[in-house]
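**Student:** Using my numbering, the first residue of the sequence shown is number 735, and each one after it goes up by one. Glycine included, each C-beta is placed from N, C-alpha and C at the ideal position. Quick one: this structure, given as structure tokens, is what I'll be asking you about.
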Amino acid sequence: MPPSVDHIRCTVADYLGRHPSERIALSGLLSTLDSGSDPTSRGTLPGHVTCSAVVLDADRRILHIAHRASGLLLTPGGHVDSGDDTLLAAALRELQEETGIPAACLALTHEFGGAPLDIDVHDIDARPSKGEPAHQHYDFQYVFRLTPDAPDLALQEEEIAGAVWLPQDEVRSPTLRMKLRDAALDGTITPVNASAVIHDGRGRYLLHLRDANKPGIWAPGCWDLIGGGREPHDATLLDTVTRELREEAGLVLADLRPYERGHVIGADGTHVPIQLFSGEWHGDPAVLHVTEGVMLAWFRPEQLPCLTMLPSTRALLEQHADEHPAAAHAGTAPGSPTAVNAPPPGTELHVVGVHLYLEQAGKVLLGLRHANSTYAASTWHVLAGHCEYEAATDCLVREAYEEAGLVIDPADLHLVHTVHMVDVPGDRPRIEFYFRARRWEGTPEVREPDTCTSWAWFPAKDLPEPIVPYTRAAIEGIQAEQTYTEMGWTR
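Okay, structure coming up:
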């Protein structure tokens, strides 16, 4: 199927959001989109959509090809075919057909990603021999960086007379030349994605099983690393991987460090450079709230050949294991079940949560959770977190600093309430510890805006709504000098 009208309309809307002054120039395209006709069909007049590839080499030059029919020197491109499901796919196919450059030797830029650098409107002369009247092309031009391992050009000789790499100030299209000047792109391929190699320090690696049957999923049904693409608000790729870990698994690691750079082939077939980070974690994946994919699990290097996995991911993990031989052969990670310390039959493992009860002048500190939060969206809650392989007070000290910039000595925490609960029938039961801090340093600040959007003090006897139910129960219990609450259990 060719690209849908909705896909093209959204692409144009995003483009005009960046270039609102071009709305008049694109009025013909907008009218075509509203006409009900297929905007990618050659028969749609007075104009239709085409797609081109702007290929940037290491010397900042742009590839141009000489068309035999027109004699023009243009960037590779052409009409959309029925098999092109996106405009980007059409540009990639035309490029490979005309020059032999495969998508795997092209990297999208961080600056533009899968969005067009330019939408150029140009006139096409009538071709009576083909029964084509004069018309216009609305050319969506996508920019790529050429990888060092790209093959020599293999031109489509029946249509292409030659090729040349032109400096950016000699690019033939005036609008493209202006966009390139404004973008100031160079030929350096830099990572646009970030992933985390998470290990337990003793030979196991945490892997993510990706969805198998959703459209557009990269590496469907494969075990892979947690990670994703850089978003506009990510100042660094460390911010990217930190956000992805939190969004996909509710996982926060304080010791992520750059490991190395690699690449994979993306869902669109292009070369995707990745910055890899490594970090340790010692927890139980079953307690994590997975929002993307199927599940998380620990695996040892010797198990990797038995998993459905991209060869590049397997090679990367085997390399990491070879570089950390002591860790790879150290045996079972701390806290994991073994023949000696396995829980007795019938034991139900619990999620352990820690909560900070701060009170001053009769008011309690609460945070408003983000509207897109995977838990308790747009709801008030105390500062809280899940225990990893750590003492509960150490966990709360870490969470207080990470979430609100508060510095607390573990010795200043004392347990004031416990909630034993089942949040949703069938879910793993939970033990929620509430600690009061006698002293702390700092003023609460929003340090994880994707989780909490604000902090505020409320009278303990006049709590806001909505508020997490078990937090209300705990605060009311603390006010009544009660130390224990049960919720969600049936008898």
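Would you identify the three-state DSSP class for E1220, choosing helix, strand or coil?
**Tutor:** Strand, per DSSP.
**Student:** State the DSSP-derived secondary structure class of T881, mapped to helix, strand or coil.
**Tutor:** Note: T881 maps to coil in three-state DSSP.
**Student:** CB-CB under 7 Å to T1025, same chain, minus the five flanking residues each way: which ones, in chain order?
**Tutor:** Here the set comprises E981, E982, T1108.
**Student:** Mind checking whether P850 and A860 have CB atoms under 8 Å apart?
**Tutor:** No, they are not a contact pair.
**Student:** Does the distance from the CB of L1013 to the CB of L990 come in under 8 Å?
**Tutor:** Correcting the residue identity first, residue 1013 is Gly in this sequence and not Leu. In this structure, L990 lies closer than 8 Å to G1013 by Cβ.
**Student:** So H1016 packs on D934, CB below 8 Å; how close in whole Å?
**Tutor:** 5 Å between Cβ atoms; contact.
**Student:** Starting from S1012 and walking both ways along the beta strand (DSSP E), at which residues does that stretch end?
**Tutor:** Where S1012 is concerned, the enclosing beta strand (DSSP E) stretches over 1005 to 1014.
**Student:** Excluding five sequence neighbours on each side, which residues of the same chain lie with their C-beta closer than 8 Å to the C-beta of W1174?
**Tutor:** Excluding positions up to five away in sequence, the list reads L1092, A1134, L1140, V1141, I1142, D1146.
**Student:** Would you kindly check if the distance between the Cβ of H1120 and the Cβ of V1098 is under 8 Å?
**Tutor:** The answer is no: Cβ separation not under 8 Å.
**Student:** I need the straight-line Cα distance from E1166 to M1029, nearest angstrom please.
**Tutor:** One C-alpha to the other measures close to 24 Å.
**Student:** If contact is defined by three or more beta carbon pairs under 8 Å, each pair taking one atom from either stretch, is the segment 785 to 797 in contact with the segment 875 to 883?
**Tutor:** Touching, yes, given that three or more Cβ pairs across the two stretches are closer than 8 Å.
**Student:** Going by C-alpha to C-alpha distance, which of L1100, S771, V739, T1152 sits closest to P1200?
**Tutor:** P1200 has its Cα closest to that of L1100, out of L1100, S771, V739, T1152.
**Student:** Select from P1163, F1192, A930, Y1123 the residue whose C-alpha is nearest the C-alpha of L1102.
**Tutor:** Among P1163, F1192, A930, Y1123, the Cα nearest to that of L1102 is on F1192.
**Student:** Between S929 and L987, is the Cβ-Cβ spacing less than 8 Å?
**Tutor:** No, they are not a contact pair.
**Student:** Comparing alpha-carbon positions, which option in V1150, D973, L842, G811 lies nearest R827?
**Tutor:** The shortest C-alpha separation from R827 is found at G811.
**Student:** Shortest alpha-carbon distance to I951 belongs to which of A1001, G984, I960?
**Tutor:** The candidate whose alpha carbon is nearest that of I951 is A1001.
**Student:** Might you give, ordered along the chain, the residues of its own chain that have their beta carbon closer than 7 Å to the beta carbon of V905, omitting 5 neighbours on each side?
**Tutor:** So the list reads I796, R911, L914, once near-sequence residues are dropped.
**Student:** If you follow the beta strand (DSSP E) that M735 is part of, which residue opens it and which one closes it?
**Tutor:** No beta strand (DSSP E) holds M735; DSSP gives it neither H nor E.
**Student:** Please classify M1043: does DSSP put it in a helix, a strand, or coil?
**Tutor:** Three-state DSSP puts M1043 in coil, outside helix and strand.
**Student:** With burial defined as no fewer than 16 other Cβ atoms inside 10 Å of the residue's Cβ, what is the status of D920: buried or exposed?
**Tutor:** Result: exposed.
**Student:** Within 10 Å of its beta-carbon, does W1223 have 16 or more other beta-carbons around it, so buried, or fewer, so exposed?
**Tutor:** By the 10 Å Cβ count, W1223 comes out exposed.
**Student:** Identify, in the order they occur along the chain, each residue of the same chain with its Cβ nearer than 8 Å to the Cβ of A759, setting aside the five sequence neighbours on each side.
**Tutor:** Excluding sequence neighbours, A759 sits near V855.
**Student:** When the distance is taken between beta carbons, is T833 closer than 8 Å to L889?
**Tutor:** Yes, these two residues count as a Cβ contact at 8 Å.
**Student:** Is T820 near H871, with beta carbons less than 8 Å apart?
**Tutor:** No, these two residues do not count as a Cβ contact at 8 Å.
**Student:** How long is the line joining the alpha carbons of I835 and H801, rounded to whole angstroms?
**Tutor:** If I take the Cα positions, the gap works out to 17 Å.
**Student:** Within 10 angstroms of its Cβ, does D958 collect 16 or more other Cβ (buried), or is it exposed?
**Tutor:** The residue in question, D958, is buried, as its Cβ has 16 or more Cβ neighbours within 10 Å.
**Student:** How about R964 and V926: are their beta carbons less than 8 Å apart?
**Tutor:** Going by C-beta atoms, R964 is nearer than 8 Å to V926.
**Student:** So, are the CB atoms of V1158 and I1212 less than 8 Å apart?
**Tutor:** It is not a contact, given that the beta carbons lie outside the stated cut-off.
**Student:** Which value, in whole angstroms, describes the spacing of the CA atoms of I923 and A792?
**Tutor:** If you take the alpha carbons of I923 and A792, they lie about 9 Å apart.
**Student:** Quick one: grab the DSSP three-state call for R757.
**Tutor:** Note: R757 maps to coil in three-state DSSP.
**Student:** Considering only DSSP beta bridges, list what N927 is partnered with.
**Tutor:** Partner(s): G963, I1008.
**Student:** Rounded to whole angstroms, what is the Cα-Cα separation between V746 and H753?
**Tutor:** Distance between the alpha carbons of V746 and H753 is about 10 Å.
**Student:** From the DSSP output, in three-state form, read off Y1123 for me.
**Tutor:** Looking at Y1123 - three-state DSSP - the assignment turns out to be coil, as it is neither helix nor strand.
**Student:** Go ahead and label M1155 buried or exposed: buried means 16 or more other beta carbons lie within 10 angstroms of its beta carbon, across all protein chains shown.
**Tutor:** Buried, since its Cβ has 16 or more Cβ neighbours within 10 Å.
**Student:** Straight-line CA distance for D852 to D1018?
**Tutor:** Near 48 Å, if we compare the C-alpha coordinates of D1018 and D852.
**Student:** Does the Cβ of Y1204 have 16 or more other Cβ atoms within 10 Å, making it buried, or fewer, making it exposed?
**Tutor:** Looking at its Cβ environment, which holds 16 or more other Cβ atoms inside 10 Å, Y1204 is buried.
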